[in-house]
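Visitor: In the order they appear, the protein sequences are chains A and W.
If you use numbering that gives the first Met the number 0, the first sequence closes out at 237, no skipped numbers anywhere.
If you use numbering that gives the first Met the number 0, the second sequence closes out at 237, no skipped numbers anywhere.
Number of protein chains: 2
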Amino acid sequence: MNQEIVPHYQRVKRMIADRIAGGTWHPGDRISSEAELVKELGVSRMTINRALRELTIEGVLTRVQGVGTFVASVKPQAALFEVRNIAEEIAERGHQHRAAVISLKAVPAPDEIAETFGLKTGARVFHSILLHRENDLPVQIEDRYVDPRHAADYLEQDFTRQTPYVYLTAIAPISEAEHIIEAVLPSTTERKLLKIDAHEPCLQLTRRTWSSGKPVSHVRLIYPGSRYRLSGRIAPKG
Amino acid sequence: MNQEIVPHYQRVKRMIADRIAGGTWHPGDRISSEAELVKELGVSRMTINRALRELTIEGVLTRVQGVGTFVASVKPQAALFEVRNIAEEIAERGHQHRAAVISLKAVPAPDEIAETFGLKTGARVFHSILLHRENDLPVQIEDRYVDPRHAADYLEQDFTRQTPYVYLTAIAPISEAEHIIEAVLPSTTERKLLKIDAHEPCLQLTRRTWSSGKPVSHVRLIYPGSRYRLSGRIAPKG
DNA sequence: TCCCGGTGGCTGTCTATACAGGTATATATA
DNA sequence: TATATATACCTGTATAGACAGCCACCGGGA
Numbered sequence: 000m001n002q003e004i005v006p007h008y009q010r011v012k013r014m015i016a017d018r019i020a021g022g023t024w025h026p027g028d029r030i031s032s033e034a035e036l037v038k039e040l041g042v043s044r045m046t047i048n049r050a051l052r053e054l055t056i057e058g059v060l061t062r063v064q065g066v067g068t069f070v071a072s073v074k075p076q077a078a079l080f081e082v083r084n085i086a087e088e089i090a091e092r093g094h095q096h097r098a099a100v101i102s103l104k105a106v107p108a109p110d111e112i113a114e115t116f117g118l119k120t121g122a123r124v125f126h127s128i129l130l131h132r133e134n135d136l137p138v139q140i141e142d143r144y145v146d147p148r149h150a151a152d153y154l155e156q157d158f159t160r161q162t163p164y165v166y167l168t169a170i171a172p173i174s175e176a177e178h179i180i181e182a183v184l185p186s187t188t189e190r191k192l193l194k195i196d197a198h199e200p201c202l203q204l205t206r207r208t209w210s211s212g213k214p215v216s217h218v219r220l221i222y223p224g225s226r227y228r229l230s231g232r233i234a235p236k237g
Numbered sequence: 000m001n002q003e004i005v006p007h008y009q010r011v012k013r014m015i016a017d018r019i020a021g022g023t024w025h026p027g028d029r030i031s032s033e034a035e036l037v038k039e040l041g042v043s044r045m046t047i048n049r050a051l052r053e054l055t056i057e058g059v060l061t062r063v064q065g066v067g068t069f070v071a072s073v074k075p076q077a078a079l080f081e082v083r084n085i086a087e088e089i090a091e092r093g094h095q096h097r098a099a100v101i102s103l104k105a106v107p108a109p110d111e112i113a114e115t116f117g118l119k120t121g122a123r124v125f126h127s128i129l130l131h132r133e134n135d136l137p138v139q140i141e142d143r144y145v146d147p148r149h150a151a152d153y154l155e156q157d158f159t160r161q162t163p164y165v166y167l168t169a170i171a172p173i174s175e176a177e178h179i180i181e182a183v184l185p186s187t188t189e190r191k192l193l194k195i196d197a198h199e200p201c202l203q204l205t206r207r208t209w210s211s212g213k214p215v216s217h218v219r220l221i222y223p224g225s226r227y228r229l230s231g232r233i234a235p236k237g
């Protein structure tokens with residue numbers, strides 16, 4: 000008998016969750032107060048408090064000081080997608096990753112980029128285009144703008160050895176990121192690089208990153224629709 | 000002077016985070032033990048413990064019982080996308096939402112659906128196709144399969160009044176969800192419903208949901224690429 | 001040299017107690 | 001009646017003390 004020992008606060012969390020799932024308490028209802036749960040369950044108030052605090056963080060409960068603890072309303076559908084360093088992801092599949100540098104130079108900033116970086120349109124920014132291959136099959140175009148003030152030696156890097164993502168996170172750890180996912184038709188140039196048919200839809204992920212509150216990079220990742228998809232799974236914990 | 004009062008555990012968290020950001024402690028380093036922090040900061044061990052525990056949940060630290068507390072390695076890029084009930088989303092923009100029921104009937108389960116629901120191929124399942132419009136402009140096709148065992152009266156619902164999402168979450172709260180995002184070309188039928196040009200790429204979000212561990216619904220949402228995009232933002236908290 | 005058990009240091013949990021601060025209700029006052 | 005005040009109850013935070021469980025390391029014995 001491998002008796003599982005479970006901490007008290009976990010058992011309290013489970014009990015609360017079960018009562019909600021079982022219909023004893025409905026969304027919006029006030030549940031028993033900490034003091035009542037102490038008497039009912041025979042554990043200290045600190046233990047009850049920890050259980051209720053964690054359930055609140057997990058979105059199961061809502062607490063109002065001076066009033067009580069309530070069952071939270073149905074939470075919105077949230078999907079968690081992990082967008083990872085492509086080199087790592089490919090390596091994990093046991094495949095070979097290679098990156099080709101298509102372009103690497105300083106350019107005048109387009110409007111959108113200038114605005115992101117807080118520069119004037121036409122100011123000098125770094126721009127790189129890379130083609131990532133998995134076992135020699137093109138899987139991603141990386142079209143990146145970088146603020147020169149945060150990565151002065153960007154143009155001197157060998158991105159066939161270390162991806163820009165790895166280089167940038169090393170010199171400016173990401174503190175904030177914004178992602179946009181769209182379905183697009185790639186340009187003719189991009190289509191040729193990816194070696195895909197005309198009219199093949201692609202996933203485009205645009206990511207802007209900040210380090211210590213300052214914008215660092217604006218990257219557009221293009222994936223052939225036939226070779227790539229994003230997936231994620233969520234499951235509330237007990 | 001509106002002096003902000005900050006709880007001790009918050010100040011401890013901030014201090015730890017600052018030392019990591021400031022380079023005092025690097026990823027992989029062992030940080031001071033709870034006992035050392037008690038002596039250094041003059042607060043109780045429970046307070047230190049709460050701060051470290053929360054930083055661990057947030058992914059900033061890693062703790063190993065019997066060994067110590069370590070600065071976590073660089074966390075993977077994670078993008079949080081909120082995929083919401085489209086009716087709500089449209090209402091929030093102050094626009095008019097209308098749903099048209101294109102199809103609503105029982106059908107033999109295709110292979111993939113049967114497998115998800117744990118049925119034999121060809122078993123009777125419910126199938127609905129809805130077209131969602133925002134100010135009379137088509138914005139989403141909802142192609143949904145539902146396990147009849149969890150929603151016996153699915154076919155009797157009026158989905159122009161209440162979306163299937165709302166109906167299903169009411170009778171079977173979602174406990175788990177899986178999402179897949181792809182770029183696709185819609186079928187001719189779908190293209191006509193959405194009133195888009197040939198070759199216009201679309202975002203396709205496939206979602207499978209479970210309630211109490213049992214599969215409930217398999218839905219394919221198709222968005223015209225020119226009218227829709229998914230966005231999300233993450234920022235580590237202090 | 002290799003294996004084994006002891007030991008100190010670390011995190012994980014739990015308790016009893018205390019006080020602060022918020023909210024709603026009842027009570028007293030103008 | 002309307003307004004201020006007291007109070008009961010609730011959550012939020014903090015503390016000292018205790019014990020359990022885990023792990024790395026060291027020293028002794030085969």
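Even glycine gets a Cβ: it sits at the ideal position worked out from N, Cα and C.
These figures come from a predicted structure and were not determined experimentally.
For I138 (chain W), which beta-bridge partners are listed by DSSP?
Guide: One-based indexing of the second sequence puts residue 138 (chain W) at position 139. Strictly speaking, residue 138 (chain W) in this sequence is Val, with Ile absent from that position. Paired residue(s): none; V138 (chain W) is not in a bridge.
Visitor: Would you mind telling me which residues of chain A sit closer than 8 Å to P172 (chain W), beta carbon to beta carbon, in chain order?
Guide: For the purposes of this step, residue 172 (chain W) is taken as residue 173 along the second sequence, with counting starting at 1. By Cβ distance, chain A contributes A20, V73.
Visitor: Among A:V215, A:H131, A:P200, which residue has its Cα nearest to the Cα of V89 (chain A)?
Guide: Residue numbering aside, residue 89 (chain A) sits at position 90 when the first sequence is read from its first letter. The sequence shown places Ile at residue 89 (chain A), rather than the Val named in the question. The residue with the shortest Cα to Cα distance from I89 (chain A) is A:H131.
Visitor: In whole angstroms, give me the CA-to-CA distance for R13 (chain A) and A20 (chain A).
Guide: Mapped onto the first sequence, residue 13 (chain A) falls at position 14. Mapped onto the first sequence, residue 20 (chain A) falls at position 21. Spanning the two alpha carbons is a distance of roughly 10 Å.
Visitor: Just confirm the distance between the C-beta atoms of S211 (chain A) and P163 (chain A), as a whole number of angstroms; I'd bet it's less than 8 Å.
Guide: In the first sequence, residue 211 (chain A) corresponds to position 212, counting from 1. In the first sequence, residue 163 (chain A) corresponds to position 164, counting from 1. Contact doesn't hold; Cβ gap of about 19 Å is too wide.
Visitor: Let me check understanding here. Comparing Cα to Cα, which of A:K119, A:L184, A:A16, A:P6 lies closest to F69 (chain A)?
Guide: Within the first sequence, the letter at position 70 stands for residue 69 (chain A). Looking at the Cα atoms, A:A16 is the closest of the given residues.
Visitor: Could you tell me the distance, in whole angstroms, from the CA atom of S230 (chain W) to the CA atom of K38 (chain A)?
Guide: On the second sequence, residue 230 (chain W) is found 231 positions in, with the first residue counted as 1. On the first sequence, residue 38 (chain A) is found 39 positions in, with the first residue counted as 1. Their Cα atoms are separated by approximately 47 Å.
Visitor: Using DSSP with H/G/I as helix, E/B as strand and the rest coil, what is Q156 (chain W)?
Guide: Taking the first residue of the second sequence as position 1, residue 156 (chain W) is located at position 157. Correct three-state label for Q156 (chain W): coil.
Visitor: When the distance is taken between beta carbons, is L79 (chain A) closer than 7 Å to A71 (chain A)?
Guide: Within the first sequence, the letter at position 72 stands for residue 71 (chain A). Within the first sequence, the letter at position 80 stands for residue 79 (chain A). No; because the gap between Cβ atoms is not below 7 Å, this pair is not in contact.
Visitor: Would you identify the three-state DSSP class for K236 (chain W), choosing helix, strand or coil?
Guide: Stepping through the second sequence from its first residue, residue 236 (chain W) is reached at position 237. Low local confidence applies: a pLDDT of 41 at K236 (chain W) is under 50, so the model's placement there is unreliable, with the coordinate-based value given in what follows. Coil.
Visitor: Using a Cβ-Cβ cutoff of 9 Å, what residues of the region 157 to 190 of chain A are near chain W? List them in chain order.
Guide: Within the region 157 to 190 of chain A, the residues whose Cβ lies closer than 9 Å to some Cβ of chain W are Y164, T168, A169, P172, I173, S174, E175, A176, E177, H178, I179, I180, E181, A182, V183, L184, listed in chain order.
Visitor: Strictly under 7 Å for the Cβ-Cβ distance: is F80 (chain A) near chain W by that measure?
Guide: In the first sequence, the residue the question calls residue 80 (chain A) occupies position 81. With 7 Å as the cut-off, F80 (chain A) counts as an interface residue toward chain W.
Visitor: Would you mind giving the Cβ-Cβ distance between A77 (chain W) and I233 (chain W), rounded to the nearest angstrom? I have them listed as a contact below 8 Å.
Guide: Numbered from 1 along the second sequence, position 78 holds the residue referred to as residue 77 (chain W). Numbered from 1 along the second sequence, position 234 holds the residue referred to as residue 233 (chain W). 6 Å between Cβ atoms; contact.
Visitor: Just to confirm my understanding: we take A99 (chain A), look at its own chain, exclude 5 residues before and 5 after, and list those with CB closer than 6 Å. What are they?
Guide: In the first sequence, residue 99 (chain A) corresponds to position 100, counting from 1. Correct list, in chain order: L130.
Visitor: What is the rounded straight-line gap between the Cα of Q161 (chain A) and the Cα of R143 (chain A)?
Guide: Residue numbering aside, residue 161 (chain A) sits at position 162 when the first sequence is read from its first letter. Residue numbering aside, residue 143 (chain A) sits at position 144 when the first sequence is read from its first letter. Taking the straight line joining both Cα atoms gives about 15 Å.
Visitor: Rank A:S225, A:K104, A:P172 by C-alpha distance to the C-alpha of R123 (chain A) and give the top, closest one.
Guide: Taking the first sequence and counting its residues from 1, one reaches residue 123 (chain A) at position 124. If we check each option's Cα against that of R123 (chain A), A:K104 comes out closest.
Visitor: Does G231 (chain A) come within less than 7 Å of chain W when only Cβ atoms are used?
Guide: Here the question's residue 231 (chain A) lines up with position 232 in the first sequence. Closer than 7 Å to some Cβ of chain W, the Cβ of G231 (chain A) qualifies, so yes.
Visitor: Can you list, in chain order, the stretches of the beta strand (DSSP E) that have 3 or more residues and sit fully within the region 2 to 76 of chain A?
Guide: Fully enclosed beta strand (DSSP E) runs of 3 or longer: 60 to 63, 67 to 70.
Visitor: So, with DSSP's three-state summary, where would you put P107 (chain A)?
Guide: On the first sequence, residue 107 (chain A) is found 108 positions in, with the first residue counted as 1. Three-state DSSP puts P107 (chain A) in a strand.
Visitor: Quick check: what's the CA-CA separation for K213 (chain A) versus N84 (chain A)?
Guide: Along the first sequence, read from residue 1 onward, the residue named residue 213 (chain A) stands at position 214. Along the first sequence, read from residue 1 onward, the residue named residue 84 (chain A) stands at position 85. The straight-line gap from Cα to Cα measures roughly 21 Å.
Visitor: Would you list the residues sitting across from E175 (chain A) in a DSSP beta bridge?
Guide: Indexing the first sequence from 1 puts residue 175 (chain A) at position 176. The partner list for E175 (chain A) (beta bridge, DSSP) reads A:W209.
Visitor: Under DSSP, the beta strand (DSSP E) around E133 (chain W) begins and ends at which residues?
Guide: Against the second sequence, residue 133 (chain W) aligns to sequence position 134. Per DSSP, E133 (chain W) belongs to the beta strand (DSSP E) from 123 to 133.
Visitor: Return the Cβ separation of V11 (chain W) and I47 (chain W) in integer angstroms, given the expectation that the two are a contact with Cβ distance under 8 Å.
Guide: Walking along the second sequence from the start, residue 11 (chain W) turns up at place 12. Walking along the second sequence from the start, residue 47 (chain W) turns up at place 48. Correct: roughly 6 Å between the Cβ atoms.
Visitor: Scan the region 193 to 227 of chain A for residues whose Cβ lies nearer than 7 Å to a Cβ of chain W and list them as they occur along the chain.
Guide: Going along the region 193 to 227 of chain A in chain order, one finds H198, P200, C201, L202, G224 with a Cβ nearer than 7 Å to chain W.
Visitor: Is there a Cβ from chain W that is less than 7 Å from the Cβ of A150 (chain A)?
Guide: Residue 150 (chain A) sits at position 151 when you count from the first residue of the first sequence. Chain W contact via Cβ: absent.
Visitor: Go ahead and pull the three-state DSSP assignment for E87 (chain W).
Guide: On the second sequence, position 88 is the one that residue 87 (chain W) refers to. Residue state, collapsed to three classes: helix.
Visitor: Along chain W, which residues have their Cβ under 8 Å away from the Cβ of A77 (chain A)?
Guide: Taking the first sequence and counting its residues from 1, one reaches residue 77 (chain A) at position 78. Result: L79, F80, E81, V82.
Visitor: Is the Cβ-Cβ distance between E189 (chain W) and I221 (chain W) less than 7 Å?
Guide: As a first step, residue 189 (chain W) must be located in the second sequence, where it is residue number 190. As a first step, residue 221 (chain W) must be located in the second sequence, where it is residue number 222. Closer than 7 Å, so yes.
Visitor: Between N134 (chain A) and the rest of its own chain, which residues show a CB-CB distance below 8 Å, the 5 nearest in sequence each way excluded?
Guide: In the first sequence, the residue the question calls residue 134 (chain A) occupies position 135. Counting only Cβ-Cβ distances below 8 Å, and skipping sequence neighbours, we find H94, Q95.
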